[in-house]
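S.K.: In full-length UniProt numbering, the protein residues as written are 1 to 401.
1) Please go through the segment 105-167 and give each complete alpha helix (DSSP H) segment of 4 or more residues, from N-terminal end onward.
2) Quick check on the DSSP output: what are the complete alpha helix (DSSP H) runs of length 4 or more inside the segment 289-314, in order along the chain?
3) Just the C-alpha distance for residue 338 and residue 205, rounded to the nearest angstrom, thanks.
4) Tell me whether residue 364 sits in a helix, a strand or coil according to DSSP, three-state version.
5) Measuring alpha carbon to alpha carbon, tell me which residue in 273, 227, 241, 30 is nearest residue 257.
6) Tell me which residues share the same chain as residue 129 and place their Cβ nearer than 8 Å to its Cβ, disregarding the 5 neighbours each side in the sequence.
7) Which residue wins for smallest C-alpha separation from residue 334, given the options 194, 218, 145, 383?
8) Given a cut-off of 8 Å on the beta-carbon distance, is the pair residue 145 and residue 31 in contact?
9) Any contact of the segment 30-45 with the segment 149-168, i.e. 3+ C-beta pairs under 8 Å?
10) Taking the alpha carbon of residue 378 as the point to measure from, which residue in 343, 359, 352 has its own alpha carbon closest?
11) Taking 8 Å as the threshold, find out whether the segment 215-225 comes into contact with the segment 309-325 through three or more Cβ pairs.
12) Please classify residue 332 as buried or exposed, where buried requires at least 16 other C-beta atoms within 10 Å of its C-beta.
13) When you compare the CB positions of residue 58 and residue 72, do they come within less than 8 Å of one another, or not?
14) Quick check: what's the CA-CA separation for residue 139 versus residue 46?
15) For residue 216, collect the residues of the same chain with a Cβ closer than 7 Å to its Cβ; drop the 5 residues on either side in sequence, then sort them by chain order.
16) Can you name, in chain order, every residue of its own chain whose Cβ lies under 7 Å from the Cβ of residue 234, other than the five neighbours on each side?
17) Kindly confirm or deny that the segment 10-18 and the segment 118-136 touch, where touching means at least three C-beta pairs closer than 8 Å.
18) Mind reading off the beta-carbon distance from residue 290 to residue 306? Whole number of angstroms is fine, and I expect it under 8 Å.
19) Residue 349 to residue 355, Cα distance in whole Å?
20) Considering residue 193, what are the terminal residues of the beta strand (DSSP E) in which it resides?
21) Which residue wins for smallest C-alpha separation from residue 75, given the options 288, 54, 309?
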């Protein structure tokens, strides 16, 4: 068996970034990966403007008890007149600073009557003025290639007047489930059958990472059916995920099916629990990852081993989200010959500190543990872990995003 860290590194480097890119509108940009560095094209703000509702004036014209004539009322979007000596111009948030003004006094520090304004507090030069280019300056770096675009990035891009942006082409994922015991949800089920939860689950996980599940196929446990399904997936997809059939049973036929298509296995078993049976092959330059058939095992392997590969193929700048070290609450010491990944909830203890609480039943077929869990706690192999020992925490909010 390959150690977990070695397997994770191997899978993360099983393919390079996609070379496809496309231009998308800002309305479609959220969740996509920026394909090239962006440089600012305009200064933001494009001109000095007021950060407050108030009055523009010269500091030199202020004096205690002085009433300055209000020369103009200038709203945001209007062009102010040049400020005359000894006068003030009424401004509103976003109004341009008039030529000749060197400060803005907020309206709370003023009293206006009969066309004149009295300033009750001595102004400071430059106060309440947003300077041209203080946010971004034309020609300066804006966003780096590999950035996963979110609403905040879209706002920044839109501020530059850009209506579209070039992003990495969407990763096309093919999913293959195997097993004669599986039946699709919504169809009649015999006593000896179970519903196929892996196919819908993996499609949802792929979509959650911004990938496109092009096909979700199911093949019977024959080498011919598996070969035909793999051919379809490899023709249309960048990455293929198969589920089940990679162990050592008589009908675990994924490995021979891959070999018959020219696939060379570079990984088979990983020293982890759940999820020992994991396969990695390359066919026509495309990675094929074989996941274990138990739903919890497939979920864990996707989270820990497949997501870094997806991020690399998407061209993201970060492959491995950060981990935290948190105390694990356990009634009995835990120790296993493999790296163990427990489904846990991150909770707050009585003193307000964070701790990890495991799900009561850690079996690899307990699907109800998945929506309950907030993350996975990593227990090192051959190490005795006791109550309140700190362990690595894989937060699903970050690892599945």
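Glycine included, every Cβ here is placed at the ideal spot set by N, Cα and C.
M.R.: Let me spell this out:
1) 151-159
2) 295-301, 307-313
3) 25 Å
4) coil
5) 227
6) 48, 49, 50, 51, 97, 103, 104
7) 383
8) no
9) yes
10) 343
11) no
12) exposed
13) no
14) 13 Å
15) 175, 199, 203
16) 240, 283, 284, 286
17) no
18) With a Cβ gap of about 11 Å, residue 290 and residue 306 do not count as contacting.
19) 6 Å
20) That residue, residue 193, is in no beta strand (DSSP E); it is neither H nor E in DSSP.
21) 54
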